[in-house]
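There are 2 protein chains.
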Amino acid sequence: MPHGLEGYRGLALKALINIGAGIGDTIRIKKSSGTIYEGILVPRFEYGDPECIVLKLKNGYNIGLKINDADVVEKLGEGSKLTYKAQPTPKTVLNLPKVPIIGTGGTIASRVDYRTGAVTPIFTTGDLYSMVPELGEIANVETKVLFNVFSEDMTPKHWIKIAEEIASQFGNNIQGVVVAHGTDTMGYTAAALSFALQALPVPVVLVGSQRSSDRPSSDAAFNLIGAVIAAVHAPFGEVAVAMHKNLSDDEVLIHRGTRVRKCHTSRRDAFKSINADPLGIVKNRVYRQISSFFKPRNSSNSPKINPVFEEKAVLVKYYPGFNPEIIEKLLDMGYRGVILEGTGLGHVGSVCIKAIERARDMGVFIGMTSQCIWGRVNMDVYYTGRDLQRAGVTPLEDMLAETAVVKLMWVLAQTDNIEEIKKLMLTNIAGEFSHRLSYRWSA
Amino acid sequence: MPHGLEGYRGLALKALINIGAGIGDTIRIKKSSGTIYEGILVPRFEYGDPECIVLKLKNGYNIGLKINDADVVEKLGEGSKLTYKAQPTPKTVLNLPKVPIIGTGGTIASRVDYRTGAVTPIFTTGDLYSMVPELGEIANVETKVLFNVFSEDMTPKHWIKIAEEIASQFGNNIQGVVVAHGTDTMGYTAAALSFALQALPVPVVLVGSQRSSDRPSSDAAFNLIGAVIAAVHAPFGEVAVAMHKNLSDDEVLIHRGTRVRKCHTSRRDAFKSINADPLGIVKNRVYRQISSFFKPRNSSNSPKINPVFEEKAVLVKYYPGFNPEIIEKLLDMGYRGVILEGTGLGHVGSVCIKAIERARDMGVFIGMTSQCIWGRVNMDVYYTGRDLQRAGVTPLEDMLAETAVVKLMWVLAQTDNIEEIKKLMLTNIAGEFSHRLSYRWSA
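So the sequences go chain by chain: U and P. Okay, so the first sequence: first residue is 2 according to our numbering, each after it adds one. Okay, so the second sequence: first residue is 2 according to our numbering, each after it adds one.
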């Protein structure tokens, strides 16, 4: 397998091997229909059929061509490497508000080298100005690559490092912080930072992209611009996530870190605020606040930096046929807290009661969220819900299950006292839930 | 605690006890503002503040009144029991198409006795015609209460009984079957029946309600009418779910059983078709097909009745900090299949690789779905996804995690052969997933 062609298969791979083609070479494909395409061979690292050959055409767009036996594939020339020419920071930028950009990995922080197929971090400041020159009109950005890990490999240990890096920036007369992050677990990290970093002097805005920054359809630049604008102009001192509002390049939503969830595997508008309005929106390079409830930014705030997480918290999703012995095993493994993702208003089968009572008797916290995602748990409606509460389950209002398990890790690191744990879980620390209205029509 | 007042608390409960009030009694509340309300005391079994007293007013609406110390609560009279007068099946109905309605429990199949606060099944045929007289214009319904369990207590054993009951009806010259079901796990049951009952002669339509049938805001009657119309008129021979499309009483969506998910804890439009169009819609009592792909109903079909489920399948949701030892414990517990609910395009942290390889070596099936809910897993994009595939993970396209674990229970009951299991999991049996387009633009 020639290096760089790992993503290709079938007839596409065979044709490329036949002509000795490598990534970056100029290729001509004459389809049996007579149409001719010329372009630079790029590695397959995205969606679509691996039996397509993907060429970057002269107009900059990528095209995927399904190869048949009747097609003619030729190599026209050896590849020239596509590079980004790093720019020095423009002088005019130095007077703009300072916004550090912290790279942690993920699609937004990477580019593909078309010669080698390798994914490398883009985040030198010079790289960034060359790729997203608009940033030079908005802020004096300075990049720091903290680490470069895939989003799904992020752990509470990484959250701590990110929190510490952000905290170390607060003294530097900055206007806001941007964190570039893989999208898969960006919601979890945003929730973690929301608890770890409180009373913020400036906004902390996480940003990702669903398509890598060297693809014409990439959302990286647009999201990044939106994130930097929010970091500079948003009135809140909270942790937020900046991502495309819809499929076109016109609006970036700014979601509260404890309320945001990735709700599509691939679309650019995958991120949604759940059970809450977004904090704000960036349109035509203008930030507008949407939610009227927020903790205001204040440069004289003394931030509360508390990046500690206890990993002995576990998320368990219920389904019919669920065996309560699983809960017993988790207790045996030493877990100190369990977030149940129950059905509907917050239920699990009554077969689970015994295991839950054992957890309660061991001083293990059991919180209830709903796998419905939207809406609020309410364990007072049916007697089964009341039975679960008697057995020791704490209903967690309209908190996301993902946020709940992150919060529990943070809470368990604050105290060993079960009553204190319950109290903290039901204290609204970072907008992670809202209380039920105390009065409403019952009909 | 007087019987029936279990749902009340605080000042509301105190005031009711003081005047010796019971459920069904006529109560007058004079608010400190001077406003006077009179109505029948109903039990608290729904949303809202338990310190509200809920009265059924003369106009039929319920009102919840928050009680303060300054309010005057009086008992005007002993309660008369609210009853539904059972009607005999109207004679004209007998010529209409036959639709059995099978009651399994849940809100739709229950009413609250205002005297005792007890929840009782409504599903005698006479009850049904008296509550939803419109049914008498659509079909000759006949009810059967199979059992009466809370939705969250449904297990694969219940799925089997429901499937057998449905199958026993096929010989009876019926036009369709309706199953009344609690909403919490209705999606799981619909998926289970979709695999257990194939080549259906008529539609099988599950229906639930988010608010119980004796509340003015109940969606029970409207959903039930929609379900019966779909059972009579829909062109498909598949398992479906009928629920409100939106918040007003105008449309009922008919979702494919393998593609539907409860996405809100309490709203009437909680059910959504995911990654697929709904099968159809009922509006103004007319059924209209939406999806052009379906298995047509055919009275000469010989249904394939195969209601078997192996409970040694487990659903595991991944999150940062997830401990792969949990997978090891599940293997030790004898699980024969694991559905992972991974992040994004179908990822779990690389710390899980070792446990997954052990599962593969033990002949345990490991399937990947996405916690994003919407979209398709694609484990060819990043090398981490390819690593997981090499370790033995099977990507499950755009299948819902909930449907995947139900399908796995069914597949594991069909065969012990791991290659056969993989093949069945990737065979589209009941519209549970769609294949990726084989050709698409890569940009």
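All C-beta atoms in this analysis are idealised placements derived from N, C-alpha and C, irrespective of residue type, glycine included.
Neighbourhood of residue i by C-beta, 8 Å cutoff - its chain only, sequence neighbours within 5 removed
i         : result
U/Tyr-384 : none
P/Trp-442 : For P/Trp-442, the pLDDT reaches just 37, beneath the cut-off of 50, and the residue's location in the model is therefore unreliable, leaving the point undetermined.
P/Leu-427 : Thr-395, Leu-397 and Glu-398
P/Thr-84  : Because P/Thr-84 sits at a pLDDT of 49, beneath the cut-off of 50, its placement in the model cannot be relied upon, and the following sentence gives the value as read from the coordinates. Taken in chain order, the list of residues that qualify is empty.
P/Glu-37  : The sequence given here has Ile at residue 37 of chain P, not Glu. So the qualifying residues of the chain are Arg-29, Ile-30 and Lys-31.
P/Trp-375 : Ile-275 and Asn-276
Distance CB(residue i)-CB(residue j) smaller than 8 Å
i         : j         : result
P/Thr-108 : P/Gln-199 : no
P/Leu-207 : P/His-182 : yes
U/Leu-409 : U/Gly-350 : no
U/Gly-258 : U/Ser-169 : no
P/Val-229 : P/Val-180 : no
U/Arg-359 : U/Leu-332 : yes
P/Trp-160 : P/Phe-272 : no
P/Leu-201 : P/Glu-252 : no
U/Met-155 : U/Thr-190 : yes
P/Ile-419 : P/Gly-347 : no
P/Glu-143 : P/Pro-101 : yes
U/Asn-1   : U/Gly-106 : The structure shown does not extend to residue 1 of chain U, since chain U is modelled only from 2 through 444, so no value can be given for it.
Residues near residue i by beta carbon distance below 7 Å, same chain, minus five either side
i         : result
U/Lys-1   : Only positions 2 to 444 of chain U appear in the structure, and residue 1 of chain U is not among them; the question remains open.
U/Ala-71  : Ser-33
P/Tyr-9   : Leu-17, Arg-45 and Pro-51
U/Ser-14  : Just to set this straight, residue 14 of chain U is Leu in the shown sequence, not Ser. The residues are Leu-6.
P/Lys-67  : Asp-50, Glu-52 and Cys-53
P/Glu-153 : Asp-185 and Thr-186
Candidates the options: closest to residue i by CA position
i         : options                                       : result
P/Thr-344 : U/Met-334, U/Lys-408 and U/His-265            : U/His-265
U/Ile-275 : U/Thr-36, U/Ala-414 and U/Ser-371             : U/Ser-371
U/Arg-262 : U/Met-400, U/Ile-139, U/Leu-332 and U/Leu-136 : U/Met-400
P/Thr-126 : P/Val-94, P/Met-155 and P/Asn-324             : P/Val-94
U/Ser-219 : U/Pro-204, U/Ser-249, U/Val-233 and U/Ser-300 : U/Ser-249
P/Pro-204 : P/Glu-165, P/Gln-390 and P/Pro-297            : P/Pro-297
P/Tyr-1   : U/Ala-314, U/Val-378 and U/Val-412            : Residue 1 of chain P lies beyond the residue range present for chain P, which begins at 2 and ends at 444; the question has no answer from this structure.
P/Phe-223 : P/Ser-303, P/Ile-37 and P/Arg-269             : P/Arg-269
P/Tyr-352 : U/Phe-151, U/Gly-11, U/Val-100 and U/Gly-65   : Just to set this straight, residue 352 of chain P is Val in the shown sequence, not Tyr. Residue U/Phe-151 is the option with its Cα nearest to P/Val-352.
U/Ala-140 : U/Leu-225, U/Met-334, U/Ala-164 and U/Pro-157 : U/Leu-225
U/Ala-392 : U/Pro-98, U/Ser-293, U/Gly-376 and U/Ala-356  : U/Ala-356
U/Ala-232 : U/Ile-327, U/Glu-312 and U/Leu-136            : U/Leu-136
P/Met-334 : U/Gly-338, U/Val-339, U/Ile-328 and U/Arg-337 : U/Ile-328
P/Val-339 : P/Gly-78, P/Gln-176, P/Met-380 and P/Ala-402  : P/Ala-402
U/Ser-1   : U/Leu-389, U/Gln-176, U/Arg-337 and U/Gly-188 : This structure leaves residue 1 of chain U out entirely; chain U is present only between 2 and 444.
Where the alpha helix (DSSP H) through residue i begins and ends
i         : result
U/Phe-223 : 221-234
U/Pro-157 : 157-170
U/Leu-17  : 11-19
U/Thr-385 : 384-391
P/Thr-404 : 402-413
P/Glu-252 : Counting along the chain, P/Glu-252 falls outside any alpha helix (DSSP H), though it belongs to the beta strand (DSSP E) covering 252-257.
U/Gly-127 : 126-132
Neighbourhood of residue i by C-beta distance below 6 Å, restricted to the same chain and skipping five residues each side
i         : result
U/Leu-254 : Lys-246, Pro-279 and Ile-282
P/Glu-47  : Only weak support is given to the placement of P/Glu-47: the predicted model assigns it a pLDDT of 47, under 50, and the question is left unresolved by the model.
U/Lys-57  : Gly-40, Ile-41, Val-43 and Asn-63
P/Ala-192 : Gly-258, Thr-259, Thr-404 and Val-407
P/Trp-411 : Phe-196 and Phe-310
U/Ile-103 : Lys-145, Leu-147, Glu-166 and Val-180
P/His-234 : Tyr-288
U/Leu-1   : Only positions 2 to 444 of chain U appear in this structure, which leaves residue 1 of chain U out of reach.
U/Gly-325 : Per the sequence shown, residue 325 of chain U should be read as Pro rather than Gly. Taken in chain order, the residues that qualify are Val-352, Cys-353 and Ala-356.
P/Gln-390 : Met-380
Continuous beta strand (DSSP E) stretch holding residue i: start and end
i         : result
P/Ala-360 : It is not in any beta strand (DSSP E) - P/Ala-360 instead sits in the alpha helix (DSSP H) that spans 354-362.
U/Leu-56  : 53-57
U/Ser-267 : Segment: none, U/Ser-267 is in no beta strand (DSSP E) and carries neither H nor E.
P/Lys-67  : 63-67
U/Gly-188 : Note, U/Gly-188: premise wrong, no beta strand (DSSP E); alpha helix (DSSP H) at 187-197.
Residues from the segment 392-404 of chain P in contact with chain U, defined by Cβ distance under 7 Å = Those residues of the segment 392-404 of chain P that come within reach of chain U (Cβ to Cβ, closer than 7 Å) are Glu-403.
Using a Cβ-Cβ cut-off of less than 9 Å, give me the residues of the segment 244-274 of chain P that come near chain U, in sequence order.
-> Taking 9 Å as the upper bound on Cβ-Cβ separation, chain U lies near residues Arg-262, Lys-263, Cys-264, His-265, Thr-266, Ser-267, Arg-268 and Ala-271 of the segment 244-274 of chain P.
Mind listing which residues of the segment 164-187 of chain U have their C-beta closer than 9 Å to chain P's C-betas, in chain order?
-> Within the segment 164-187 of chain U, the residues whose Cβ lies closer than 9 Å to any Cβ of chain P are, in chain order, Gly-183, Thr-184, Asp-185 and Thr-186.
For the segment 347-362 of chain P, enumerate the residues whose C-beta is nearer than 7 Å to any C-beta of chain U, in chain order.
-> When CB distances to chain U are screened at a threshold of 7 Å, the residues of the segment 347-362 of chain P falling below it are His-348, Val-349, Gly-350 and Ser-351, in chain order.
Can you list, in chain order, the residues of the segment 137-155 of chain P whose Cβ is nearer than 9 Å to any Cβ on chain U?
-> Residues are counted here when their Cβ sits less than 9 Å from a Cβ of chain U; for the segment 137-155 of chain P these are Phe-151, Ser-152, Glu-153, Asp-154 and Met-155, given in chain order.
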